[in-house]
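Inspection log for the structure reproduced underneath, given as structure tokens.
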Amino acid sequence: MRPLRELYPSPPQMPLGDDPYYSYQIPSPANNQRLAADTINGDADFPQFLRSIPTDEDHVFSTSLERASAARVIGVIDDLPGDEDFVDLWTSQLQHISNEDSAMQPVVGQCPDYSNGRADIHATMRARGLLDGSDAWNHNSILDLDSASAHFKEGTKMLMEIITSGAAGDYPIIISAFYFMYLYLTRRVYMDRLEIERLSCTAIDYIEKCSFDGLGNILSPKRHSAPSDTLECRDLSAPTTEQRCNSSMAARLIIWLYSEDSFIGFHGCGGDLSKRLSKNPGRLDRLRQISSDALSLNWGEDYPADEVLVDINHFHPIDMLIDMITLHHEIIERNNAYMEMSFTEASNKLDSEFSILEIKYASVFRLAASTPNENSEIWLNSGISIIIFHALQICWARCTGSSFGSRASPPTERALASLLTLAQRICSRSSPPKFERFHWALFIAGIETNDLLHREWILGKIAGVRLNMAITKVLAAKDRSGTISMATIRKLLSVREPVAVQKHNSNSYDTAKAAILKNIDDLDTDLQAINHKIHANPELCFEEFQAHNNLADLLESHNFTVTRHAYGIPTAFCAEFGHGGRVLTLCAEYDALPGIGHACGHNLIAVSSVASFFGIAAALAVSSIPGRVRLLGTPAEECGGGKIKLINSGAFNDVDASMMLHPVGKGAIPTGTTGLAYGTCLTGQVWNVEFTGKAAHAGTAPWEGINALDAAALAYSAVGLLRQQMRPANRIGLVIKDGGKKSNITTPHSTVECSIRTQTLKEAKSIKTRVENCFRGAALATGCEVTFKSAMDVYADLRSNETLCTEFTSAMSEFGVLYHNDITNKTAASFSTDMGNVSHVVPTFHGLFAIAAENGEANHTPEFTRIAISDEAYGSAIIAAKGMAITGWKFLADDILAKSVLSDFENDVSTRERE
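Here it is, written out as structure tokens:
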């Protein structure tokens with residue numbers, strides 16, 4: 001097993017008090033063994049009769065407490081210290097038992113399973129009340145109510161100290177620490193997939209590695225006999241009551257870890273623990289048997305009550321939930337790999353498992369359909385179990401069949417109807433349950449239903465920041481395209497939102513951020529000056545000598561070493577700061593357009609990259625972390641393919657990520673936002689087609705000539721007809737550059753310029769072949785010869801890195817600036833850029849910031865040239881540069897963030913291979 005110290009080099013630092021899900025207390029280590037230690041050893045104030053629990057009963061607590069007479073229970077109250085709050089608490093628990101019994105009286109005859117188990121249920125509830133009361137009295141449960149991050153750090157600290165010490169630990173404490181780390185990591189709005197996967201792997205490694213005080217025989221049922229001083233092999237043939245309590249608690253916790261890990265798989269995270277436990281059904285059954293002694297997961301007030309169903313001993317709704325954990329895991333696993341088996345085989349296997357559950361838990365279905373007198377936890381738990389069951393049915397149907405929004409099969413329609421009917425019954429009798437799986441089921445129903453009234457009702461009931469944000473985006477995407485796949489939904493659920501992005505070392509982050517902002521502000525005069533110089537001296541591609549020299553001079557004046565004419569390109573340059581670590585490249589563009597100067601705002605691109613470079617260099621200097629920031633002067637973006645030449649020359653060989661910003665008119669971004677963080681663009685390529693014919697007198701002997709203009713015109717028409725067979729986003733542009741000199745001469749030579757823009761390189765290759773065939777066909781029909789000459793390198797489609805886009809959005813939100821960041825909308829902008837080629841080589845960010853465009857001025861117009869030098873445009877560039885600098889520094893400083901960036905890039909590479 002990998003040591004935890006290796007997996008957690010330092011305890012993760014969490015922001016205090018910013019998580020809406022958490023308002024509960026820090027547990028003391030002793031609290032987590034309350035059910036064992038207090039029961040066996042007891043404090044002076046703990047009721048004496050609990051110490052008389054025998055060790056030879058199958059169900060320790062329930063059997064013992066069932067023997068306690070009513071008089072003796074009343075005697076317990078008399079024995080307790082005279083604290084009125086404590087007595088009130090215990091009395092309320094006893095009243096709760098009475099209310100539950102009264103509520104369930106009408107359904108006793110309908111549900112014999114309930115009737116037969118009532119004694120155990122009552123005993124369990126009594127024990128729960130006593131233990132909660134003891135905890136409240138002895139351990140002062142009213143602690144800090146706003147300490148989610150401290151709770152998480154306490155768990156990390158406990159794990160670090162106990163696991164790495166090598167000493168025998170209190171294993172329920174260790175597993176409980178894993179459990180509440182899961183709660184914290186999976187309930188936050190922000191979800192770090194790598195962190196959760198690391199926790200999943202660490203937890204199951206630890207569980208499978210250790211054998212302790214009775215839990216060893218859960219994982220391996222055979223009895224061991226060995227010297228008693230060997231922990232892993234101690235004699236388990238006659239476990240003590242304390243051992244049984246510990247193992248029961250640990251087993252129940254493992255089941256709940258299994259539940260958390262399986263559920264988070266729906267979000268595209270975790271899965272190692274649930275996968276390895278699911279491989280051994282016998283082990284899960286044994287875990288369930290051993291855990292039956294555990295009265296409740298809710299130990300006093302330390303753990304969030306909204307995540308706890310009353311864990312009733314041997315009662316079917318809880319057993320059904322455990323079985324559905326396994327079913328949920330199987331759905332996720334088969335959805336990830338169902339193409340490896342036939343659809344029919346996969347569908348039949350899961351359909352049969354649903355049928356088995358319906359038969360096995362018929363009593364739970366009957367109980368959920370019953371009508372108790374009052375609100376009943378048992379009835380509520382049964383209803384929640386059935387609602388989750390139907391949500392899983394819908395998920396399975398949509399995972400392997402048609403997407404959400406497509407016509408549903410009759411079984412899916414029935415599952416949705418049953419789910420909504422029961423959910424409305426539950427919510428009409430009380431407020432919506434806080435149990436998160438219930439809200440997940442409503443989330444699934446909200447996506448499945450096409451009834452606007454049902455959708456509105458569901459939106460009003462779903463609790464939880466992440467689910468609320470996700471369903472809004474999911475429904476918007478579904479409404480936009482008509483359908484939405486399960487894969488897209490999972491991606492939306494796991495996306496990190498700017499309101500809760502984690503800062504992994506707040507002190508270092510604040511220091512670095514302050515250095516970035518101060519350095520950029522201090523250099524404002526120099527930055528404004530270089531912006532004006534570049535704008536006032538527009539230069540075309542590969543002719544940007546003034547811009548090259550001015551930028552290099554500025555960097556050298558601030559003591560940076562600059563490589564001029566870098567990588568064999570006369571107008572490229574490179575400057576670098578830092579040591580070791582990862583390499584981040586900032587791309588600076590500075591070429592202009594013929595006749596209209598900086599109508600694409602490349603002066604602003606250059607100044608924003610220079611400002612970010614200065615900012616990151618200052619942050620690296622004050623933080624002393626390893627990492628290098630590189631400013632790369634990239635000439636000739638406008639049809640010259642400067643970055644493509646730099647790629648071919650090795651400029652990106654050692655680069656870990658690349659970033660840049662680009663100005664656009666306000667009409668190019670969503671209303672109400674300042675810019676666009678996540679975006680894509682089309683591929684781009686241009687070539688010239690030349691037709692060669694034969695000149696002749698067009699009046700006296702046209703038949704002696706071969707008209708090259710006819711070939712051009714025929715090709716123009718053929719390509720025009722081809723457009724109707726292309727996807728709407730793809731583009732073909734044609735212009736006849738040479739169509740002849742005089743009308744009385746049969747044109748001997750013509751030239752057509754052709755440009756193609758497509759969503760992917762694969763489409764670009766396919767469409768180019770078809771366009772070339774149009775030209776060849778025209779040449780064949782007219783008798784001309786045809787040749788093709790490339791006018792520029794092929795620009796690839798832009799593949800923005802999702803993590804970098806989200807981090808940039810977060811950084812800009814700290815300035816009160818809203819950037820649009822819809823990673824589900826893959827619609828490509830109609831422009832092309834050689835930054836797209838960079839995005840195929842390294843993780844890339846290409847953000848768009850809006851500048852003033854009162855009359856709708858767009859890029860590549862004279863009006864845009866005018867506004868590109870305005871003070872407002874400069875201000876927009878600088879504030880975006882600050883956000884890019886913060887994002888770039890975090891990429892260099894934060895290993896977890898960097899791994900997420902790389903993971904996104906690798907996933908995109910796999911996606912490109914399938915396109």
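Residue numbers (the UniProt record's numbering): 1 to 915.
C-beta: ideal position from N, C-alpha, C; glycine also.
Residues near residue i by beta carbon distance below 8 Å, same chain, minus five either side
{"i": "Phe545", "result": "Glu539, Pro570, Thr571"}
{"i": "Met737", "result": "According to the sequence displayed, residue 737 carries Lys and not Met. For Lys737, where only same-chain residues beyond five positions count, the Cβ hits under 8 Å are Asn688, Thr751, Val752, Glu753."}
{"i": "Cys805", "result": "Ala677, Tyr678, Asn821, Ile823, Phe845, Gly847"}
{"i": "Val771", "result": "Val719, Leu722, Ile732, Cys754, Ile756"}
Cβ neighbours of residue i in the same chain (closer than 7 Å, five flanking residues each side left out)
{"i": "Ala415", "result": "His390, Gln393, Ile394"}
{"i": "Ala70", "result": "Caution is warranted here: a pLDDT of 27 is assigned to Ala70, below 50, making its placement in the model unreliable, and no coordinate value can be reported."}
{"i": "Phe905", "result": "Asn801, Pro843"}
{"i": "Gly568", "result": "Ser649"}
8 Å contact criterion, which residue i and residue j should meet: CB distance rounded
{"i": "Val817", "j": "Ile878", "result": "Not a contact, Cβ separation roughly 12 Å."}
{"i": "Asp797", "j": "Leu682", "result": "6 Å"}
{"i": "Ile332", "j": "Ile254", "result": "Ile332 to Ile254, Cβ: 19 Å. No contact."}
{"i": "Leu892", "j": "Ile625", "result": "7 Å"}
{"i": "Ala203", "j": "Leu277", "result": "No, Ala203 and Leu277 are not in contact; Cβ-Cβ is about 10 Å, not under 8 Å."}
{"i": "Cys639", "j": "Cys541", "result": "7 Å"}
Helix, strand or coil at residue i according to DSSP, with G and I counted as helix
{"i": "Pro663", "result": "strand"}
{"i": "Cys805", "result": "helix"}
{"i": "Ile264", "result": "helix"}
{"i": "Cys427", "result": "helix"}
{"i": "Asn688", "result": "strand"}
{"i": "Leu631", "result": "strand"}
{"i": "Thr472", "result": "helix"}
{"i": "Leu392", "result": "helix"}
{"i": "Val76", "result": "Bear in mind that the predicted position of Val76 carries a pLDDT of just 37, short of 50, making it too unreliable to give a figure here."}
{"i": "Ala397", "result": "helix"}
{"i": "Pro410", "result": "helix"}
{"i": "Leu682", "result": "coil"}
{"i": "Arg582", "result": "coil"}
{"i": "Gly699", "result": "coil"}
{"i": "Ala617", "result": "helix"}
Residues near residue i in its chain [Cβ-Cβ closer than 6 Å; skip 5 each side]
{"i": "Thr911", "result": "none"}
{"i": "Arg564", "result": "Ala552, Phe573"}
{"i": "Ile721", "result": "One point to set straight first is that residue 721 is Leu, not Ile, in the sequence displayed. Closer than 6 Å at Cβ, skipping near neighbours: no residue."}
{"i": "Gly615", "result": "Ile516, Asn519, Ile520, Ala885"}
{"i": "Tyr590", "result": "Ile534, Glu544, Ala547, His602, Ala606"}
{"i": "Ser790", "result": "Trp687"}
{"i": "Leu350", "result": "Trp396"}
{"i": "Ala575", "result": "Leu555, Phe560, Val562, Leu631"}
{"i": "Ala619", "result": "Ala512, Ala515, Ile516, Trp889"}
{"i": "Gln685", "result": "Ile756, Val794"}
Closest Cα partner of residue i within the set the options
{"i": "Gly675", "options": "Gly740, His579, Tyr819", "result": "Tyr819"}
{"i": "Val909", "options": "Phe542, Ile736, Thr700, Val838", "result": "Val838"}
{"i": "Tyr321", "options": "Ile290, Ile388, Ala708", "result": "Inspection of the sequence shows that residue 321 is occupied by Leu rather than by Tyr. Of Ile290, Ile388, Ala708, the residue nearest in Cα terms is Ile388."}
{"i": "His598", "options": "Ile196, Glu785, Ile869, Asn648", "result": "Ile869"}
{"i": "Ala729", "options": "Gln528, Phe831, Ser352", "result": "Phe831"}
{"i": "Ala487", "options": "Ala536, Tyr206, Cys399, Ala621", "result": "Cys399"}
{"i": "Phe577", "options": "Leu257, Gly627, Glu704", "result": "Gly627"}
{"i": "Arg727", "options": "Lys741, Arg757, Pro702", "result": "Arg757"}
{"i": "Met659", "options": "Met835, Arg582, Gly733", "result": "Met835"}
{"i": "Phe613", "options": "Thr585, Pro635, Ser623, Ile596", "result": "Thr585"}
{"i": "Asp526", "options": "Ser508, Ala512, Leu554, Asp510", "result": "Leu554"}
{"i": "Tyr795", "options": "Glu814, Ala779, Thr760", "result": "Thr760"}
{"i": "Ala708", "options": "Ser755, Arg776, Gln725, Lys765", "result": "Arg776"}
{"i": "Ala529", "options": "His860, Lys765, Val610", "result": "Val610"}
{"i": "Val735", "options": "Ile596, His697, Glu690", "result": "Glu690"}
{"i": "Thr421", "options": "Pro410, Gly401, Glu436, Ile458", "result": "Ile458"}
Residue i beta carbon near the ligand ADP (any heavy atom closer than 7 Å)
{"i": "Ser743", "result": "Looking for the ligand ADP in the displayed structure turns up nothing, as the structure carries no ligands at all."}
ask   = Where in the segment 773-846 do unbroken runs of the alpha helix (DSSP H), each at least 4 residues long, occur, reported from the N-terminal end onward?
value = 802-813, 835-839
Unbroken stretches of the alpha helix (DSSP H), 4 residues or longer, contained in the segment 707-731 = 708-722
request  = Just list the alpha helix (DSSP H) runs in the segment 362-390, keeping only unbroken ones of 4 residues or longer that don't cross its boundaries, in chain order.
outcome  = 362-369
message = Quick check for students: name the residue ranges of the alpha helix (DSSP H) that lie wholly in the segment 519-564, counting only runs of 4 or more.
response = 524-536, 545-557
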